[in-house]
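Novice: Heads up: the sequence lines are chains A and B, in that order.
Counting from 1, one number per residue, gives the positions in the first sequence under this note's numbering.
Counting from 1001, one number per residue, gives the positions in the second sequence under this note's numbering.
Here it is: the structure, laid out below.
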Amino acid sequence: MSTLSVLVVDDELGMRLGVERTLRNFNFPLPEFDDNVNFAIEMAETGKEAFQVLDQNRTDIVILDYKLPDMQGLEILVKLMEEKKDLLTIMVTAYASLEVAISATKNGAFDFLAKPFTPEELRNTIKKAAKHIYISRKARKLEEEKRQVRFQFISVLAHELKSPLAAVENYLVMMKDRVIGDELSKYDNMVGRSLIRIDGMRKMILDLLDLTRIESGQKQRNLTTVNIISSAKFAIEGVLLTAKERNITVNLDCKEEVIELMADSSELDIVFNNIVTNAVKYNKIDGQVNLSIFKEGDFIKIICKDTGIGMSKEDVDKLFGEFVRIKNEKTKNVLGSGLGLSILKKIVKLYHGDINVESEVDVGTTFTVTLNTQIEPS
Amino acid sequence: MTDKGITVLIVEDDVDLQEQMKIYLEADGYTVITASQQKEAEKIIGDKKFDLAILDLMMENMDSGFVLSHKIKRMDSSIPVIIVTGVTRETGLHFDAKSKEDKSWIKADVMLQKNVRYEQLKLEIERLLKKG
C-alpha cells in the first residue's frame, strides 16, 4: 500500500471536511504497478497556509479552490509551477466557466472540478491524477536507469579499448628506445603481442557493431528458410584450424541432415560461431567439443558440450553481462571482447528462444540454446 | 646492468603491462616477481620476499590494489607500495596518496596514473628505496 498525500486548499470548512471524508477511506488497486493507493489529507484555509504546508511536507496532489481570501487560486498555481514541485494540481471552482478551466489548464493544472461536485466525481478525478503520478514517476525512473546503463557501457568500452592501445604503445616505445638491445629478433615477442592485442581490438569493434545493429533494429534482416545443420557445419569449419593447434576434436552429432526454420542465416552464423568458438577457446589440450542439434516439438535444441576448463557457479551467474570476461590463471591468454554472449543472448531472444549454461570447474561447460520454430522471429 | 639485489613485486592483470614493467625493471638490475590476480598476490605477500610492490588498483575487484596495499603495510610498514591506476579518467574519482584525507585510509606511498611512463616509475622507485 502506498499513500499519496493530498492538500485541500479551500476557505470553506464544509468543503475541506467534505473532501477529507470522501478520500479518507478511499483506496484502489494499481495492478500494473502491483500496488494499492490510499490518501493522506492535509488542509489549508488560505494561500499562505497552503505554502506553509507545502514547504514542510511532501505533497503529491493539491486540490485548489479558485477563489481564496488572500490570493487567487490561479496565482498559487502559477507559483507552484514556477517552483517546479513534483505534484499535480486540481483546480476547484464555483464559477464553472470554460474560461476558468482553460486558463487553469494553460497554467499547468492537471484537471479541474466544478462546484458542486459529487463524491464520485472527486474520487474519479483523484484516481486519474494518482495514475498519472505513478506513470510519470515510473517513466522518469526508467529514463534515468537507461541513462545509467548507457553511461556504464560507454565507460567500460573506453577502458576495454584503452588497455590494448596502451599495451601496444608501450611496446612501440620500448622498441624505439631499444630497451633490450639492438638485435631485432629480441623484439619478436613484443611484435607478436602487439599484433595479438590489435587483433583483439578489431574483434571487439566488430562485435560492437553487431551488437549496436541488433539493438537498434537497424540491421536489415533477411528471413528465409535456413537449414540449421549447414550453419553449424560452417561454424565448425571456421574453428577447425584453431582446434587442431591444440589437438581438440569437434564433433557434430545429429540424426537428421536437414532441420529447417525461418531465420536470418547471418544471425545463426553468429550463434554457432559464438558457442563453438568459446568451446574451443576455453578448452584444454586434447579436449573435445560435441555439438548436437535436434528437434523437440516446436523447438530446435542446440547443445554444445565441451571438456574444457569450466566455470564456477559464481562465474556462470556473471557470464551474460556486457564486457564480462572470466579472468583467472587459465583464461589469461584467451582473448575476447566480452560481448559475444550478450550478442548471442539478444539473437536468441529474437527467436523467442532460451539459453542455458551448465558448468563445472575443470570438467567442462554445456551451452543449451533453444529456438522456437513456430513463432515468426521478431 | 648488474643485479641490484632488490626484488620488486608487480601485481597487474594485463599480461602485457606486467611484462613491460618486468622488462624495464630487469634491464635496470631489479629482480621481479609477478602476480596477475588478487588471490595469487596474497599468497606471495605472505611469503614476504620482496622489497617494493607495484599494484594495479582495479583487477578482478574494483579495490584489489587498496586491499593488497593494506595487507602489505600491515605485515611490514617499511615496504614501499606504489599503486598504479586509471581510475580517475574512468570514473572521475580522484585519489591522492599525498593528501591528508586520503592518506588516512590509502596505505600506499605513491599513486600513479596509467599509462605511466617507465622514467617516472623509476624515479619514484629510487626515491622510495632511498627513503627506507
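Where is the CB? At the ideal position from N, CA and C, for every residue including glycine.
Candidates Tyr351/A, Leu319/A, His352/A, Val357/A: which alpha carbon is nearest Leu339/A's?
Specialist: Leu319/A
Novice: My parser needs the beta strand (DSSP E) runs of 3 or more residues fully inside the stretch 1029 to 1099 of chain B; what are they?
Specialist: 1031 to 1035, 1052 to 1056, 1081 to 1085
Novice: Name, please, each residue of chain B whose Cβ falls closer than 7 angstroms to the Cβ of Ser163/A.
Specialist: Asp1014, listed in chain order.
Novice: Take Val37/A and list the residues in its own chain whose beta-carbon comes closer than 7 angstroms to its own, dropping the five residues that flank it on each side.
Specialist: Ser2, Leu4, Asn27, Phe28, Leu30, Ala130
Novice: Out of Leu88/A, Gln56/A, Val191/A, which has the shortest C-alpha to C-alpha gap to Ser136/A?
Specialist: Comparing Cα-Cα distances from Ser136/A to each of Leu88/A, Gln56/A, Val191/A, the minimum goes to Leu88/A.
Novice: Any beta carbon of chain B sitting closer than 8 angstroms to that of Phe198/A?
Specialist: Correcting the residue type first, residue 198/A is Ile in the shown sequence and not Phe. Contacts with chain B at 8 angstroms (Cβ-Cβ) do not include Ile198/A.
Novice: Measuring straight from C-alpha to C-alpha, what distance separates Ile1045/B and Ile1033/B?
Specialist: 11 angstroms
Novice: Please state whether the Cβ-Cβ distance between Ile275/A and Cys304/A is less than 8 angstroms.
Specialist: yes
Novice: Along chain B, which residues have their Cβ under 8 angstroms away from the Cβ of Glu169/A?
Specialist: Asn1115
Novice: Nearest-angstrom Cα distance between Phe367/A and Lys255/A?
Specialist: 19 angstroms
Novice: Taking only runs that begin and end inside the stretch 64 to 143 of chain A, name each unbroken beta strand (DSSP E) of 3 or more residues, in chain order.
Specialist: 88 to 93, 111 to 114
Novice: If we ignore side chains and look at the alpha-carbon of each, how far apart do Lys146/A and Ala139/A end up?
Specialist: 11 angstroms
Novice: When we look at the beta-carbon of Ile102/A and count the other beta-carbons within 10 Å, is it buried (16 or more) or exposed?
Specialist: exposed
Novice: Let me know if Thr105/A comes out buried or exposed under the rule of 16 or more other beta-carbons within 10 Å of its beta-carbon.
Specialist: exposed
Novice: Comparing C-alpha positions only, which one of Asp188/A, Arg325/A, Glu314/A, Gly308/A sits nearest to Asp362/A?
Specialist: Gly308/A
Novice: Hey, would you say Glu376/A sits closer than 8 angstroms to Met262/A, going by beta carbons?
Specialist: yes
Novice: Kindly indicate the opening and closing residues of the alpha helix (DSSP H) around Asp207/A.
Specialist: 188 to 216
Novice: Helix, strand or coil: how does DSSP classify Gln148/A here?
Specialist: Look at Gln148/A here: in three-state DSSP terms it is helix.
Novice: Give the residues from the stretch 1024 to 1053 of chain B that approach chain A closer than 8 angstroms (Cβ to any Cβ), ordered along the chain.
Specialist: For the stretch 1024 to 1053 of chain B, the set of residues with a beta-carbon nearer than 8 angstroms to any beta-carbon of chain A comprises Tyr1024, Ala1027, Ser1036, Gln1037, Glu1040, in chain order.
Novice: Near Met1021/B, what residues of its chain come up, given a Cβ to Cβ distance below 8 angstroms and the 5 sequence neighbours on each side ignored?
Specialist: Ile1010, Glu1012, Val1032, Ile1054, Tyr1118, Leu1121
Novice: Give me the residue from Thr1085/B, Val1084/B, Ala1108/B with the minimum Cα distance to Leu1074/B.
Specialist: The identity of residue 1074/B in the sequence shown is Arg, whereas the question assumes Leu. Checking every option, the nearest Cα to that of Arg1074/B belongs to Ala1108/B.
Novice: Reducing DSSP to helix, strand and coil, say where Leu161/A ends up.
Specialist: helix
Novice: Just how far apart, CA to CA, sit Ser231/A and Glu1019/B?
Specialist: 40 angstroms
Novice: So the beta strand (DSSP E) Met1111/B belongs to, where does it begin and stop?
Specialist: 1110 to 1113
Novice: Express the C-alpha separation of His159/A and Ala279/A in angstroms, rounding to a whole number.
Specialist: 26 angstroms
Novice: Within the 8 angstroms Cβ cut-off, does Val179/A reach chain B?
Specialist: With 8 angstroms as the cut-off, Val179/A counts as an interface residue toward chain B.
Novice: Check the Cβ of Leu1017/B against every Cβ in chain A and list those closer than 9 angstroms, keeping chain order.
Specialist: Ser163, Ala166, Ala167, Asn170
Novice: Rounded to whole angstroms, what is the Cα-Cα separation between Ile54/A and Gln152/A?
Specialist: This sequence places Leu at residue 54/A; Ile is not what is there. Whole-angstrom Cα-Cα distance: 37 angstroms.
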